[in-house]
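Colleague:
Residue numbers (this note's numbering): 126 to 322.
1. Measuring only the C-alpha atoms, how far is residue 245 from residue 294?
2. Does residue 212 pass the burial test, meaning 16 or more other C-beta atoms within 10 Å, or should it be called exposed?
3. Only counting the same chain, and skipping five residues up and downstream in sequence, which positions put a Cβ closer than 8 Å to that of residue 195?
4. Between which two residues does the alpha helix (DSSP H) containing residue 277 stretch?
5. Can you list, in chain order, the residues of its chain whose CB lies under 8 Å from that of residue 142, leaving out five sequence neighbours each side?
6. List the endpoints of the continuous alpha helix (DSSP H) containing residue 328.
7. Residue ranges of each alpha helix (DSSP H) run of no fewer than 4 residues wholly in the region 132-162, ordered along the chain?
8. Looking at residue 221 and residue 260, is the spacing between their C-beta atoms short of 7 Å?
As structure tokens, this is what we get:
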């Protein structure tokens, strides 16, 4: 299969609807059909191809992460973790969400680590153009969701951490602080998890 054929069949029809979970605006039947298609198509691809796509540009990365998460390819969990384990990872919500799908029965430490990593990167670079790309708000929503499911209080430890206190001192935090409330994305996480039970 050529690269063009791969993109036209596996990537182009899906990346737009997966961005920021745009599919949640669709009907239940359409969402079920989308997920079934992604699982079926993902099962046609080898682990090696999915890893390659995950580490490619954002469009194939987005689709690959969803194929991995929805089809429960637990063997590739560490690949999603590696993808996220780079300070300054941009637009990583697809990887965070699908890591949740793969690890939903585990504690939130990984997501806390991600937040601290991204804040450290932001403080080091203090670039206003970067803050909204770092997916910190998605990790917060995931931790909040997990706290409610497992009756834990990991989000409190995030908000009381040294890193968070340094983060909120930055001038660029105040104008968009509402983005970092759990409610900013949590409803989307809750809806998604209802579809993938």
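Beta carbons: idealized from backbone N, C-alpha and C, even for Gly.
Modeller: Taking the definition as stated:
1. 13 Å
2. exposed
3. 160, 163, 164, 167, 223, 226, 321
4. Secondary structure note for residue 277: it is in no alpha helix (DSSP H), with a DSSP letter that is neither H nor E.
5. The residues are 148, 151, 159.
6. Since the first residue shown for the chain is 126 and the last is 322, residue 328 is missing from the structure and cannot be characterised.
7. 140-143
8. yes
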